[in-house]
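Student: If you're matching positions, the sequence shown starts at 8 in this note's numbering and goes up one per residue. Ideal placement from N, C-alpha and C gives every residue a C-beta, glycine not left out. Take a look at the following structure, please.
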Amino acid sequence: MIFLFPYYPFYVLFLIMKKILIIRFSSIGDIVLTSPIIRCIKLQTDVELHFLTKKEYSIILESNPYIDKLVFFNTLKLTLKALRLEDYDIIIDLQNNMRSFWLKLNLRATALSVCKGNWAKFFYINFGINYLKDHVVDRYFKTVKNINVVNDCQGLEYFLGSNINIDFDVQKRFIAWSIGGTYEQKTLSKEQIIEVCNNLSIPIVLLGGDNEKAIGSQIIKESINKSIVNFCGHLSLDESAYLIQKSCLVLTNDTGLMHIAACFKKIIISFWGCTKPPLGFSPYITDEQSVQIVFQPLSRACSKHGSSCRLTEKGCVKNISANQILEVLHKSI
Numbered sequence: 008m009i010f011l012f013p014y015y016p017f018y019v020l021f022l023i024m025k026k027i028l029i030i031r032f033s034s035i036g037d038i039v040l041t042s043p044i045i046r047c048i049k050l051q052t053d054v055e056l057h058f059l060t061k062k063e064y065s066i067i068l069e070s071n072p073y074i075d076k077l078v079f080f081n082t083l084k085l086t087l088k089a090l091r092l093e094d095y096d097i098i099i100d101l102q103n104n105m106r107s108f109w110l111k112l113n114l115r116a117t118a119l120s121v122c123k124g125n126w127a128k129f130f131y132i133n134f135g136i137n138y139l140k141d142h143v144v145d146r147y148f149k150t151v152k153n154i155n156v157v158n159d160c161q162g163l164e165y166f167l168g169s170n171i172n173i174d175f176d177v178q179k180r181f182i183a184w185s186i187g188g189t190y191e192q193k194t195l196s197k198e199q200i201i202e203v204c205n206n207l208s209i210p211i212v213l214l215g216g217d218n219e220k221a222i223g224s225q226i227i228k229e230s231i232n233k234s235i236v237n238f239c240g241h242l243s244l245d246e247s248a249y250l251i252q253k254s255c256l257v258l259t260n261d262t263g264l265m266h267i268a269a270c271f272k273k274i275i276i277s278f279w280g281c282t283k284p285p286l287g288f289s290p291y292i293t294d295e296q297s298v299q300i301v302f303q304p305l306s307r308a309c310s311k312h313g314s315s316c317r318l319t320e321k322g323c324v325k326n327i328s329a330n331q332i333l334e335v336l337h338k339s340i
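Have a look at this one:
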């Protein structure tokens, strides 16, 4: 979808554009997935590049050398007031919701909006008819094709800040396991994780937020593997990313840390149930040994964001067996 305020032919716009605003309000994984388009816009054009997001996600972008200015969403009125002072030539809307639409409508700039493929997602989830042929990163690049920005196929990036302080020896080989998720239906159970850990001797670090702190402690208490460290709720996002970078392999649900692992080209073993890779949010350009373990009785996803399951109340990802995971693991470590 393209909005023109005012209208310029794109060949003219490409010549005169000086300042671009990218809009993506949330969340961790979705913002990480914008990193290729940030890099390619900056390296392939001579523009000043700004990025509008929510303050709580600033850590993802504040060390990115390709962004000239971060703008934080406040209220619609205050955000619009701040944006009007910038006089943008182009707005690239990678959020494409009512808030971003209202901002575009009230700013005198050419706006390019990502096609989210909601109808295609509807047919895939409800009828199993898959019209979703590309990754969300590729959809982002289709949005900017008219301003001559192309995918360099270098994958995702995450730039670590300098404030990293972790009491852990990263020189030894270890596995990073991201045990969290936006919804319980997207996460492996405590019992699945413990069974896998019990059959491993390599050190394991558990990663997640405050919501995973308790389950991390229970895993350590109930597992016979005494080389597990629970970092859930104890690290900043940068520190979690640092451990992922230093790990030999990453185990993960469909979550933001999975995409951060892709930034560092790690071997990723990811677990899928209510969401499925064809929705377009699988790990992007990863190590060739990466594996997606998908619960298969239904080839289609249960829901768009994984908040509900067709088969079980707690999510069909919990039907993935520990033996499946261990079989893949033993080939990779």
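Would you tell me roughly how many angstroms separate the C-alpha atoms of residue 341 and residue 279, rounded to the nearest one?
Tutor: Because the chain in this structure spans residues 8 to 340, residue 341 falls outside the shown range and cannot be described.
Student: Apply the 10 Å Cβ neighbour rule to residue 174 and answer buried if 16 or more other Cβ atoms are within range, or exposed otherwise.
Tutor: The residue labelled residue 174 in the question sits at position 167 within the sequence shown. Exposed, by the Cβ-count rule.
Student: Under 8 Å by Cβ, that's how I've got residue 5 and residue 24 pegged, so tell me the actual separation to the nearest angstrom.
Tutor: The requested residue 5 is not part of the displayed model; the chain covers only 8 to 340.
Student: Which of helix, strand or coil does DSSP assign to residue 12?
Tutor: By 1-based counting over the sequence shown, the position of residue 12 is 5. Note that residue 12 scores 44 on pLDDT, short of 50, meaning its location in the model is unreliable; the coordinates nonetheless yield the value given after this. In the structure shown, residue 12 sits in coil (DSSP, three-state: anything other than H, G, I, E or B).
Student: Suppose contacts are defined by Cβ-Cβ distances below 8 Å. Is residue 312 in contact with residue 194 by that definition?
Tutor: Residue 312 sits at position 305 when you count from the first residue of the sequence shown. Residue 194 sits at position 187 when you count from the first residue of the sequence shown. Going by C-beta atoms, residue 312 is not nearer than 8 Å to residue 194.
Student: Could you tell me how far apart the beta carbons of residue 196 and residue 325 are, in whole angstroms, since I believe they sit closer than 8 Å?
Tutor: Position 189 of the sequence shown, counted from the start, is the residue given in the question as residue 196. Position 318 of the sequence shown, counted from the start, is the residue given in the question as residue 325. Residue 196 to residue 325, Cβ: 5 Å. Contact.
Student: Inspect the CB distances between the segment 232-252 and the segment 266-274 and report whether three or more fall short of 8 Å.
Tutor: These segments touch.
Student: Residue 215 and residue 223 - do their beta-carbons sit closer together than 8 Å?
Tutor: Along the sequence shown, one-based indexing puts residue 223 at 216. Along the sequence shown, one-based indexing puts residue 215 at 208. In this structure, residue 215 lies closer than 8 Å to residue 223 by Cβ.
Student: To the nearest angstrom, report how far apart residue 61 and residue 176 are at their CA atoms.
Tutor: Counting from one through the sequence shown, the residue named residue 61 turns up at place 54. Counting from one through the sequence shown, the residue named residue 176 turns up at place 169. Going by the C-alpha atoms only, they are around 33 Å apart.
Student: Please list the terminal residues of the continuous alpha helix (DSSP H) segment that includes residue 86.
Tutor: Here residue 86 refers to the residue found at position 79 when the sequence shown is read from its first residue. Membership of residue 86 in the alpha helix (DSSP H) is indicated by the continuous run 83-91.
Student: Apply the 10 Å Cβ neighbour rule to residue 338 and answer buried if 16 or more other Cβ atoms are within range, or exposed otherwise.
Tutor: Translated into positions along the sequence shown, residue 338 becomes position 331. Burial call: exposed.
Student: Within this structure, are the beta carbons of residue 73 and residue 26 separated by less than 8 Å?
Tutor: Residue numbering aside, residue 73 sits at position 66 when the sequence shown is read from its first letter. Residue numbering aside, residue 26 sits at position 19 when the sequence shown is read from its first letter. The answer is no: Cβ separation not under 8 Å.
Student: Go to residue 145, then tell me how far its alpha helix (DSSP H) extends in each direction, as first and last residue.
Tutor: Here residue 145 corresponds to residue number 138 of the sequence shown, with the count starting at 1. That run of the alpha helix (DSSP H) goes 143-150.
Student: Please say whether residue 98 and residue 50 have beta carbons closer to each other than 8 Å?
Tutor: If you number the sequence shown from 1, residue 50 lands on position 43. If you number the sequence shown from 1, residue 98 lands on position 91. Contact flag unset, no.
Student: For residue 58, name the three-state secondary structure that DSSP assigns.
Tutor: Residue numbering aside, residue 58 sits at position 51 when the sequence shown is read from its first letter. Note: residue 58 maps to strand in three-state DSSP.
Student: Give a yes or no on contact between the segment 65-81 and the segment 127-146, applying the rule of three or more CB pairs nearer than 8 Å.
Tutor: no
Student: Just checking my contact of residue 4 with residue 276 at CB under 8 Å: how many whole Å lie between their CB atoms?
Tutor: Residue 4 lies beyond the stretch modelled for the chain, which goes from 8 to 340, so this question has no answer here.
Student: May I ask you to report which of helix, strand or coil DSSP gives residue 339?
Tutor: As a first step, residue 339 is located in the sequence shown; it is residue number 332 there, counting from the start. The answer is helix: DSSP assigns residue 339 an H, G or I state.
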